[in-house]
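Protein chains in written order, with this note's numbering: chain A, 1109 to 1398; chain B, 1109 to 1398.
Beta carbons: idealized from backbone N, C-alpha and C, even for Gly.
Scroll down for the structure; my scribbles are underneath it.
Number of protein chains: 2
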Amino acid sequence: MSLTTVQQVKHFGGTLTKYSHESSTTQCTMRFNLFLPRAVEQHAKVPLLYCLGGLTATEDNFPQKSGFGAKAAEHGIALVFPDTSPRNVGVAEAEDDNCVGYSAGFYLNATQAPWEKNWRMYDYIVKELPQLLENNFPIDPSRTSIMGHSMGGHGALTIFLKNQDRYKSVSAFAPITNLSRSPWGLHALSRYLGEDRSTWAEYDAVELLKHLAGEKKLRNDVNFLIDQGTGDEYLNPDHLHTYDLVETVKKLGLTSQFDIRFHDGYSHGYYTISTFINDHIEHHAKALGV
Amino acid sequence: MSLTTVQQVKHFGGTLTKYSHESSTTQCTMRFNLFLPRAVEQHAKVPLLYCLGGLTATEDNFPQKSGFGAKAAEHGIALVFPDTSPRNVGVAEAEDDNCVGYSAGFYLNATQAPWEKNWRMYDYIVKELPQLLENNFPIDPSRTSIMGHSMGGHGALTIFLKNQDRYKSVSAFAPITNLSRSPWGLHALSRYLGEDRSTWAEYDAVELLKHLAGEKKLRNDVNFLIDQGTGDEYLNPDHLHTYDLVETVKKLGLTSQFDIRFHDGYSHGYYTISTFINDHIEHHAKALGV
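In structure tokens, the structure reads:
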């Protein structure tokens, strides 16, 4: 698994580098951006925060627009910004749909044709990418956390819930919380996973939360930080189902573990993320011990 | 001169709004983004900082990627992000050239066909836009400053030098400092202004500086803050002529007024701007008295 450097710039005293590599998971060339803080000069290994992008995003949107740099540099945290789907794999159905295909991986492993060979972003984020980063960079695999935006917020929440021992902390901006009830999810999950909806729950944060709480398997030492603008066009009509998450959290008696912050008038996009990014980096820094 | 609201979002407690309007100067529909800080709720009028974009930019690049928000909100400064050229005016020559035409206004008033009717970004920034902002928003016209990036850095420096009493302060990221000697300038100025190079000097920061210093007309109470990455692809080969500016400043005995900071390895783009934007906002805040 060799890495090719596409571009490198300096940022807040560290480096932001775009890499490409041949992925055995998605069977195509994948790209990601990696921020390594100046702290790598002083420490053998630094903690790592995964940042998952939303629909229509590539590996560039989050690092370009989120304003992550100042606090990441201050705390000496590396951040990785993966792409959001396989690319250029010759699947015609992937071209013309904003919600299925390119930029719409939904951080799951597809089981249905024509998606099942390449659309395996869950395994890419949870298995291949961590191994690649650990093998090539001064990353401490025992200190990783995860966050994301919109579809990437769904990714961060579901990947965290399915791998609670792997991440120190989790947070999300305007996440899709109940994917199998969202119009996006109804459209995408039926194509990626098929019409048997029993398979959908494992990629649905609200359903995973209910299941884990019912089994008493939810870690009680982790706090979920979620920021949601009330001016978000996807909050009403209900694509994100944030209020359902709030209700579920209440019913499950988990309010002390969830900090779901509604911000008056804020939108779905990066102007909201950049306003509150420092709180998220601080949230993760505390859990990562830096 | 009526304004149409294209989009509005919240950002760091204030609002970022995209407006469009019919410009009498450029004879087309122009757009700009305006950040109004929360401070407008407490103050009758707030100071204003002009932020001029570079080649290929629109009114969106600087606000999306610069990270201006935190410090602007803290100091209660409004920022305006104009577009970089006229748009959709049916000039065929404007379509196929990255350095002349759309997104390449160079903040000058063109005198040659087919540009002279619409490519009047100097008058737009110095005359029409200030009047429009003053008429429609709680902006204090006696407290304005100007900064820019690359071609916009050229714009900020030249517009400041030609209107020293209008702005409290000036700064630039990776500015084109000596446009009439830059390949970009040779290409653009010959088209916009014609081959008579005596007309070029008024849109060339180094030439303006020499002239003003020679006439002893340079304000001595203003400091120029300029950030330049040494990894900037346009520094060598010499598109920006930053070292020439340094030499000129030395020869003119103006080193105490120029803070030209070279940053090891930093690139031409917004990852550099966002690293140092806070210093620029602080620089302007001090001059604006906030």
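Under 8 Å between C-beta atoms of residue i and residue j
i, j, result
"A:D1191", "A:E1167", "yes"
"A:I1254", "A:F1268", "yes"
"A:A1282", "A:D1340", "yes"
"A:N1243", "A:L1353", "no"
"B:L1124", "B:T1219", "no"
"B:G1177", "A:T1383", "yes"
"A:K1324", "B:Y1374", "no"
"A:H1349", "A:R1289", "yes"
"A:A1296", "A:F1214", "yes"
"A:A1186", "A:L1142", "yes"
"B:C1136", "B:V1197", "yes"
"A:E1390", "A:K1179", "yes"
"B:H1371", "B:T1380", "yes"
"A:L1343", "A:S1258", "no"
"A:D1367", "A:N1328", "no"
"A:R1139", "A:S1132", "no"
"A:L1362", "A:K1318", "no"
"B:Y1311", "B:T1266", "yes"
"A:A1313", "A:H1262", "yes"
"B:L1316", "B:K1270", "yes"
Residues near residue i by beta carbon distance below 6 Å, same chain, minus five either side
i, result
"B:G1161", "N1169, F1170, T1192, G1260"
"A:T1134", "P1194, N1226, R1228, Y1232"
"B:A1202", "G1209, Y1210"
"B:P1238", "none"
"B:C1207", "W1292, H1295, A1296"
"B:L1326", "L1320"
"A:N1249", "According to the sequence shown, residue 1249 of chain A is Pro rather than Asn. Closer than 6 Å at Cβ, skipping near neighbours: E1242."
"B:Y1230", "Y1215, L1216, N1217"
"A:I1385", "S1174, G1175, F1176"
Contact list for residue i against chain A, beta-carbon separation under 7 Å
i, result
"B:F1404", "For residue 1404 of chain B there is no data in the structure shown, the boundaries of chain B being 1109 and 1398."
"B:S1258", "The contacting residues do not exist; B:S1258 stays about 15 Å from chain A at best."
"B:K1179", "Correct list: empty, because the minimum Cβ distance to chain A is about 11 Å."
Beta-carbon neighbours of residue i, restricted to chain A and to distances below 8 Å
i, result
"B:Y1127", "The premise fails here: B:Y1127 is roughly 16 Å from chain A at the closest Cβ pair, so nothing lies under 8 Å."
"B:M1173", "In the sequence on display, residue 1173 of chain B carries Lys and not Met. Near B:K1173 (Cβ distances below 8 Å), the residues of chain A are Q1172, K1173."
Per-residue burial, residue i [other beta carbons within 10 Å of its own, 16 or more giving buried]
i, result
"B:D1273", "exposed"
"B:R1299", "buried"
"A:R1228", "buried"
"A:R1369", "exposed"
"A:Q1336", "buried"
"A:K1276", "buried"
"B:G1397", "exposed"
"A:A1221", "exposed"
"A:H1376", "buried"
"B:T1252", "buried"
Cut-off 8 Å between Cβ atoms - residues of its own chain near residue i, not counting five sequence neighbours on either side
i, result
"B:A1264", "Y1158, L1160, I1254, M1255, G1256, V1278, S1279, A1280, P1283"
"B:Q1115", "T1125, K1126"
"A:H1347", "I1284, S1290, P1291, W1292"
"A:K1465", "No answer is possible for residue 1465 of chain A: the residues shown for chain A start at 1109 and end at 1398."
"B:H1473", "One cannot answer for residue 1473 of chain B here, as it falls past the ends of chain B, which runs 1109 to 1398."
"A:T1338", "F1370, H1371, D1372, G1373, Y1374"
7 Å CB neighbourhood of residue i in its chain, flanking five on each side removed
i, result
"A:Q1147", "Contrary to the premise, residue 1147 of chain A reads as Ala rather than Gln in this sequence. Contacts found: V1154, G1184."
"B:A1412", "Residue coverage of chain B in this structure runs from 1109 to 1398, which leaves residue 1412 of chain B outside it and unanswerable."
"B:I1247", "K1153, V1154, L1156, A1186, L1241"
"A:E1130", "T1137"
"B:A1395", "S1253, K1276, S1277"
"B:L1205", "This sequence places Asp at residue 1205 of chain B; Leu is not what is there. Excluding sequence neighbours, B:D1205 sits near nothing in its chain."
"A:T1113", "T1125, Y1127"
Sheet register partners of residue i (DSSP bridge)
i, result
"B:P1190", "B:F1140"
"B:K1318", "In DSSP, B:K1318 forms no bridge with anything."
"B:Y1127", "B:T1113, B:F1140"
"A:V1278", "A:I1254, A:F1332"
"A:F1120", "According to DSSP, which records beta bridges pairwise, A:F1120 is partnered with nothing at all."
"A:P1217", "The sequence given here places Asn at residue 1217 of chain A; Pro does not occur at that position. Answer is A:R1228."
"A:C1159", "A:M1255"
"A:A1180", "Paired residues: none, contrary to the question."
Cross-chain neighbours of residue i in chain A, by beta carbon under 9 Å
i, result
"B:G1162", "Per Cβ cutoff of 9 Å: no residues; B:G1162 is ~15 Å from chain A at best."
"B:L1124", "Y1379"
Chain-ordered chain B contacts of residue i [CB-CB under 8 Å]
i, result
"A:G1339", "V1117, K1118"
"A:Y1374", "V1117, K1118"
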